[in-house]
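This report concerns only the one structure given below.
There are 2 protein chains.
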Amino acid sequence: MARDATPRLPRRSNPSSDRAGSDGRVGNLILRSLPRKESSQLFPLMEFVRLKLHQVLHEPGEVIRSGYFLNDGLGSLLTTHPDGKTVEVALTGREGFIGLPVIFGFKTSALRVVTQGEGTAYRVEVDSLLRILSQCPELETQLQRFSMVLGMQSTQLAACNRLHDVAERLARWLLMSHDRIGMDALPLTQEFLAQMLGTRRASVTGAAGSLQKAGSIEYSRGRVRIVNRGKLEEEACDCYAAIERQKKRWQEEAN
Amino acid sequence: MARDATPRLPRRSNPSSDRAGSDGRVGNLILRSLPRKESSQLFPLMEFVRLKLHQVLHEPGEVIRSGYFLNDGLGSLLTTHPDGKTVEVALTGREGFIGLPVIFGFKTSALRVVTQGEGTAYRVEVDSLLRILSQCPELETQLQRFSMVLGMQSTQLAACNRLHDVAERLARWLLMSHDRIGMDALPLTQEFLAQMLGTRRASVTGAAGSLQKAGSIEYSRGRVRIVNRGKLEEEACDCYAAIERQKKRWQEEAN
DNA sequence: ATACATGTGTGCGTCTGAGTACATACAAGC
DNA sequence: GCTTGTATGTACTCAGACGCACACATGTAT
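The listed protein sequences derive, respectively, from chains A and B. Residue numbers for the first sequence follow this note's numbering, so the first one is 112 and each next one is one higher. Residue numbers for the second sequence follow this note's numbering, so the first one is 112 and each next one is one higher.
Below is the structure:
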């Protein structure tokens, strides 16, 4: 299969992208939508950070110290269980914010949040954010709406987990990731996917194998490459489309 | 088994409870928590309504015209699928509000909402609610926090649907209902439970049978009676406890 | 009393996926 | 080169649940 030559941490050598704080390069859609009046209050409080692969941002039951506006890369929200099992219940990229409970006055996270792929984010201390939030109505609105969208996503996934088999869910998951990560090659091991889908690694082998046989994806040793997105959409359950449909509808409805 | 004599719509003959708008009898916890300044604005806009069994309050994709503050009874939020399958993704009673998307500026519902058991609610037209919402900060806060709590619930159910078997989920569901409906006898058919749990009716027969054999419940022809709640808690998966735990924690954290 | 609708018990055959285990393939370091 | 750790392929048994179908029970209506 075609291998892409992306090394582990290649962009360390490109310092220019480290200084994205000066606006033009902001990837996060919430930040980009803010009026100058609000972003000029918010940006001085934030720090541009680089996120590593599988970095844990929040842990269930622990106090949330920082929120994150992702610019690129991807955050998975997982439930954790005593026996070590995990299930992904929501997924967000640059369209969202990580740390929603604090917006509503709660201090702890109910979920584990881990990054997938490398990425960058603007990190903000919760105290700082809350201090300016009441003076930033547009930011507040955006965050609240995003929380509703994310909630809708998780309800759809709740149903998906009940009704659909591993291959459908895997295809659905790849599509959701693909949308957010913006590249065809994703750094994914079967073990990681098993944790996302709440299933066995061996089941992922089977599902990924059949997707590859169908020509939707190619993969090898921790790299998945999407080669035929259209086909992948056919193989995914309708949950992917349902989420996108509702998101779009709400976007249009919100004045 | 012991039958309770509750007829279908018995309380029609008790007009006094129809006029619960004058405060003392308000069951909804959000309404009860409001300062007089806000409730005096809100109550004139609302209508006390009686909800029938399995009444559909919202339908996915349709515009939400009214919101509901339940006083008693129970609302199930379901995803619907083209083939008629449904899965419950969240459950609320008098602690909440039905119609959350409108709070965030969205107009349509993503989910079907159906009542379970009979109940009463304060119904409010969306337009009216939105008109006063900005002048009712406490109401706004309560609604937003509730939306977060409900979202957390649905994430836990997403995992539950993936990891736990029918009997555990049934026990969990009965506990959640029991908490909210406040009676030991619930009007539930196996067919209805199957739709809530997203499974076959026959699977419910099996699960309910084993719960009855264990002495946790008794049931017959559309009536389930919880006879040993402690035992039921043992048989449920940890998801029930996890939801309650997090809810309580957040309640304490919110100043 | 009879007929009917509704609710429940049960019995197939089939299949997905869980749990587990082990073998192979590849990559990086010595 | 060789070793080691990680990633993947595969095989096996078993339990749970699926789809389907039908019989029986119970309460209501005529």
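Glycine included, each C-beta is placed from N, C-alpha and C at the ideal position. What you are looking at is a predicted structure, and each value in this text was computed from that prediction instead of being measured.
What residues in its chain sit with their C-beta under 8 Å from that of A353 (chain B), if we drop five residues either side in the sequence?
-> Excluding five sequence positions before and after A353 (chain B), the CB atoms of its chain that fall closer than 8 Å to its own CB belong to Q267, given in chain order.
Minimum C-alpha distance to R161 (chain B) - residue among B:E173, B:V174, B:F180 and B:I175 | Per the Cα distances, B:F180.
C-alpha gap between L254 (chain A) and V260 (chain A), whole angstroms = Each residue's Cα considered, the two are about 10 Å apart.
In chain order, what residues of the stretch 203-224 of chain A put their CB closer than 9 Å to some CB of chain B?
-> Answer set for the stretch 203-224 of chain A: L211, P212, I214, F215, G216, F217, K218, T219, A221 and L222.
Backbone CA spacing between Q264 (chain B) and V200 (chain A) [nearest angstrom] = Near 11 Å, if we compare the C-alpha coordinates of V200 (chain A) and Q264 (chain B).
Can you grab the Cα-Cα spacing for the pair E206 (chain A) / K358 (chain A), in whole Å?
-> Just so you know, the alpha carbons of E206 (chain A) and K358 (chain A) end up roughly 11 Å apart.
3-residue-minimum beta strand (DSSP E) runs that sit fully inside the stretch 240-273 of chain B, ordered along the chain | Runs found: none.
Since I believe G228 (chain A) is in contact with L285 (chain A) (beta carbons under 8 Å), could you give me their beta-carbon distance rounded to a whole number of angstroms?
-> Contact check for L285 (chain A) and G228 (chain A): beta-carbon distance about 13 Å, past the 8 Å limit, so the pair fails to qualify.
Does the beta-carbon distance from G204 (chain A) to I292 (chain A) come in below 8 Å?
-> Their beta carbons are under 8 Å apart, which means G204 (chain A) touches I292 (chain A) by this criterion.
For M157 (chain A), decide whether its Cβ has a neighbour in chain B, counting only Cβ atoms nearer than 8 Å.
-> With 8 Å as the cut-off, M157 (chain A) does not count as an interface residue toward chain B.
Does DSSP put H289 (chain B) in a helix, a strand or coil?
-> DSSP places H289 (chain B) in helix when its eight states are reduced to three.
Below 8 Å on the Cβ atoms is my guess for R223 (chain B) versus T252 (chain B); work out the distance and round it to an integer in Å.
-> Taking a contact as a CB-CB distance under 8 Å, the pair R223 (chain B) and T252 (chain B) does not count as one, their CB atoms being some 27 Å apart.
Which full runs of the beta strand (DSSP E) of 3+ residues lie inside the stretch 184-210 of chain B, going along the chain?
-> If we require 3 residues or more, the beta strand (DSSP E) runs fully inside the stretch 184-210 of chain B come out as 197-203.
G317 (chain B) versus N139 (chain A): straight-line alpha-carbon distance, rounded | Inter-residue distance for G317 (chain B) and N139 (chain A) is about 49 Å (C-alpha atoms, whole angstroms).
Quick one: does V200 (chain A) have its CB under 8 Å from some CB of chain B?
-> Between V200 (chain A) and chain B, the shortest Cβ-Cβ separation is below 8 Å.
What alpha helix (DSSP H) runs, 4 residues minimum, are completely inside the stretch 296-365 of chain A?
-> Fully enclosed alpha helix (DSSP H) runs of 4 or longer: 301-308, 312-325, 340-346 and 349-364.
If you drop the 5 nearest sequence neighbours on each side, which residues of the same chain put their C-beta closer than 6 Å to that of R356 (chain A)?
-> Result list for R356 (chain A): empty, nothing under 6 Å.
Give me whichever residues DSSP pairs with F180 (chain A) in a beta bridge.
-> DSSP lists A:Y233 as partners of F180 (chain A).
Return the residues of the stretch 249-268 of chain A that lie within a Cβ-Cβ distance of less than 8 Å from chain B, sorted by chain order.
-> Cβ proximity to chain B below 8 Å picks out T252, Q255, R256, S258, M259, L261, G262, M263, S265, T266, Q267 and L268 from the stretch 249-268 of chain A.
Comparing the C-beta of L274 (chain B) with each C-beta of chain A, is any distance below 8 Å?
-> So yes, L274 (chain B) belongs to the interface.
For R161 (chain B): DSSP bridge partner residues | Looking at the DSSP assignment, R161 (chain B) forms a beta bridge with B:T231.
How many angstroms separate the CA atom of R312 (chain B) from the CA atom of L188 (chain B)?
-> Cα to Cα, the separation comes out at about 19 Å.
L153 (chain B) - containing alpha helix (DSSP H), residue span | Counting along the chain, the alpha helix (DSSP H) containing L153 (chain B) begins and ends at R147 to L153.
Alpha carbon of V213 (chain A) to alpha carbon of R360 (chain B), nearest angstrom | When the Cα atoms are used, V213 (chain A) and R360 (chain B) turn out to be separated by approximately 13 Å.
Note down the Cα distance separating L299 (chain A) from L153 (chain B), rounded to an integer number of angstroms.
-> L299 (chain A) and L153 (chain B): Cα-Cα distance of roughly 51 Å.
Return no unless some Cβ of chain A is closer than 8 Å to the Cβ of R283 (chain B).
-> Judged by the 8 Å Cβ criterion, R283 (chain B) is not in contact with chain A.
Could you tell me if D183 (chain A) is buried or exposed, where buried requires 16 or more neighbouring beta carbons within 10 angstroms of its beta carbon?
-> That one is buried.
If you measure from the beta carbon of A352 (chain B) to each beta carbon in chain A, is any gap under 8 Å?
-> Residue contact check for A352 (chain B) against chain A: no CB pair falls below 8 Å.
In chain B, what lies closer than 7 Å to Q357 (chain A) by C-beta?
-> Against chain B, the beta carbon of Q357 (chain A) has neighbours under 7 Å at A221, listed in chain order.
Give the residues of chain A in contact with H192 (chain B), contact being defined as C-beta atoms less than 8 Å apart.
-> Going along chain A in sequence order, the residues near H192 (chain B) (Cβ under 8 Å) are A270, L274 and D349.
Using the beta-carbon count (16 or more within 10 Å), is D134 (chain B) buried or exposed?
-> Unreliable placement is indicated for D134 (chain B), whose pLDDT of 42 sits below 50; the coordinate value is still reported in the next sentence. Classification of D134 (chain B): exposed, given that the 10 Å Cβ count is below 16.
Give me the Cα-Cα distance between L307 (chain A) and E344 (chain B), rounded to the nearest whole angstrom.
-> Just to set this straight, residue 307 (chain A) is Met in the shown sequence, not Leu. Cα to Cα, the separation comes out at about 28 Å.
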